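The numbers in UniProt numbering rise by one with no breaks, and the one at position 41 of the sequence shown is 41.
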Amino acid sequence: MQLSEQFWNASLEALKRGYVEETDCYICLLCGKTVEKGIIYPDEGTLYEAERYTRVHIENTHGSVFEYLIGLDKKLTGLTDHQNSLLRHFYQGMSDADVQKEMGIGSASTIRNHRFALKEKERQSKVYLAMMELLKEKDKYAPAFVEPHRTAKMVDERYNITAEEIEEILQKYFPEGTDGPLKTFHLQEKHKLVVLREIAKRFKSGHVYSEKEVNESLKAAHDDFVTLRRYLIEYGFLDRTPDGSQYWLK
């Protein structure tokens, strides 16, 4: 799933909540689920109004906003594996001594030093965020880059592509429209990302497909549906069971 424009444009407070409020609904920033206002929603024998149900959805589906965010690719969070592990333990409410024992590193004072380094990173991030927000007001020529999807296995220069370029690529390789056949799949990696992201839209989130269903859907895009299927998995758009009997949109 691609992280939405709403996700990237959300305020810090909205991102911490995990959802934004619109005129007639609440939208989960983590998966895009829309919860309409004015409706009572049942969940395990309890009735909830829309906003409370949105929070219940986040808890049931994503665990917590923290768990979702820390599970993002390291190129999106800027965290090393070591920092990621530390933050997970801190979020669980573990003491410095407990974290030291769990991770088997240094001493409790070593963990305190790591806390200080993370706090310094937080301060730097605030300054950088403020500068980038101010820059938006002045930089009239900044292009809109394609946003990485949450399940991307690699976030690299392939994402250095603008919205205008995406439109050109889609028109070039889908001459009959994006619901039609793919002209060719002999593409450079950057173009391949755009094409695969578009093809992934042919699958519904939350639906489990058989291999036959996946193949039939991909045949409409290209004769070499096996290669398309493999790349959709490699690029993190689709996932499957180990025996390949079931597929779903990640």
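Just so you know, even glycine gets a beta-carbon here, dropped at the ideal spot from N, CA and C. From a predicted model like this one, the values you see are computed outputs, not experimental measurements.
As assigned by DSSP and simplified to three states, the class of residue i
| i | result |
| --- | --- |
| residue 213 | helix |
| residue 36 | strand |
| residue 30 | coil |
| residue 22 | coil |
| residue 43 | strand |
| residue 178 | coil |
| residue 107 | coil |
| residue 185 | coil |
| residue 130 | helix |
| residue 137 | coil |
Exposed unless 16 or more other CB atoms sit within 10 angstroms - verdict on residue i
| i | result |
| --- | --- |
| residue 214 | buried |
| residue 92 | exposed |
| residue 17 | buried |
Reference residue i; option with closest CA among the options
| i | options | result |
| --- | --- | --- |
| residue 56 | 111, 19 and 133 | 19 |
| residue 38 | 47, 243 and 32 | 47 |
| residue 221 | 209, 175 and 250 | 175 |
| residue 273 | 231, 103 and 88 | No information on residue 273 is available, as it lies outside the stretch 1 to 250 that the chain covers here. |
| residue 269 | 218, 194, 206 and 211 | The requested residue 269 is not part of the displayed model; the chain covers only 1 to 250. |
| residue 51 | 36, 45 and 250 | 36 |
| residue 166 | 190, 108, 125 and 69 | 190 |
For residue i: DSSP bridge partner residues
| i | result |
| --- | --- |
| residue 49 | None; residue 49 has no bridge partner. |
* Report the residue ranges of all beta strand (DSSP E) runs contained in full by the segment 187-249; include only those spanning at least 3 residues, in chain order. => 208-210, 238-240 and 246-249
* To do: Quick one: which unbroken alpha helix (DSSP H) runs of 4-plus residues sit fully inside the segment 68-100? Chain order, please.
  => DSSP runs (the alpha helix (DSSP H)) wholly in the segment 68-100: 74-77 and 81-91.
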